[in-house]
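*Asks:* Numbering-wise (my numbering), the sequence shown opens with residue 904 and increments by one.
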Amino acid sequence: MQLTDADDLAPDESGATPVPSRDSTAKDALSGVDRALQLEDLKEVGVQKMVLDRLDRAESRVRRAESMEFDYYATREKLVEARSSLKRLQSLEVLQDAGLAVGSALLGFLPSAWGSWGLTFMVILGAVVLIGGVLLSKRKNDDAA
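1. Give me the Cα-Cα distance between ALA961 and ARG1042, rounded to the nearest whole angstrom.
2. What are the complete alpha helix (DSSP H) segments, minimum 4 residues, inside the stretch 978-1013?
3. Is it buried or exposed for LEU1033, if we count other Cβ within 10 angstroms and need 16 for buried?
4. I believe VAL1005 touches GLY1029 by the beta-carbon criterion, under 8 angstroms. Please report the beta-carbon distance rounded to the nearest angstrom.
5. Measure the alpha-carbon distance for GLU969 versus SER963 and round it to whole angstroms.
6. Can you tell me the Cα-Cα spacing of ASP944 and VAL936, whole angstroms?
7. Check whether the Cβ atoms of SER1040 and GLN999 lie closer than 8 angstroms to each other.
8. Only counting the same chain, and skipping five residues up and downstream in sequence, which positions put a Cβ closer than 8 angstroms to that of VAL950?
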């Protein structure tokens, strides 16, 4: 079965007539002109100016492409730095959350810890971990600002 352009239409374009797209590089007005230059053609001032103009345009495009390439690599380098910084901040955030959770849980045992020396030590350790989590949180917030 042969497919036609009508088969490529979207459902909402059922009544539309397909229009063939033109090739942007087609040069209809000068399609019959011989483009090869002879040595005597290059001696003409007009031809020299046209060649120099084309050369200037090509050099301009090359400079613009080189500038884009430089910007691309600079942006890529910044992206790598940002991802590294984000990874570091995420690991600090996990460490901070774990410190706050463990410290808070150990401080929750405070009422039952007064009678036992081991539990009192655990509560003190929990307080230290909790303070460490708070300090990590402050450091993370200072780095983000």
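Here a beta-carbon is modelled for each residue, glycine too, at the ideal position from N, C-alpha and C.
*Replies:* Checking against the coordinates, here is how it stands:
1. Counting from one through the sequence shown, the residue named residue 961 turns up at place 58. Counting from one through the sequence shown, the residue named residue 1042 turns up at place 139. Straight-line spacing of the CA atoms in ALA961 and ARG1042 works out to 52 angstroms.
2. Along the stretch 978-1013, the alpha helix (DSSP H) does not occur as any fully enclosed run of 4 or more residues.
3. Stepping through the sequence shown from its first residue, residue 1033 is reached at position 130. So LEU1033 ends up on the buried side.
4. Residue numbering aside, residue 1005 sits at position 102 when the sequence shown is read from its first letter. Residue numbering aside, residue 1029 sits at position 126 when the sequence shown is read from its first letter. That pair is a contact at about 7 angstroms.
5. Residue mapping note: residue 969 aligns to position 66 of the sequence shown, counting from 1. Residue mapping note: residue 963 aligns to position 60 of the sequence shown, counting from 1. For GLU969 and SER963, the distance between alpha carbons rounds to 10 angstroms.
6. Here residue 944 is taken as the residue at index 41 of the sequence shown, counted from 1. Here residue 936 is taken as the residue at index 33 of the sequence shown, counted from 1. Cα-Cα distance, rounded: 14 angstroms.
7. Along the sequence shown, one-based indexing puts residue 1040 at 137. Along the sequence shown, one-based indexing puts residue 999 at 96. Result yes, Cβ atoms of SER1040 and GLN999 sit closer than 8 angstroms.
8. The residue given as residue 950 occupies position 47 in the sequence shown. LEU940 and ASP944.
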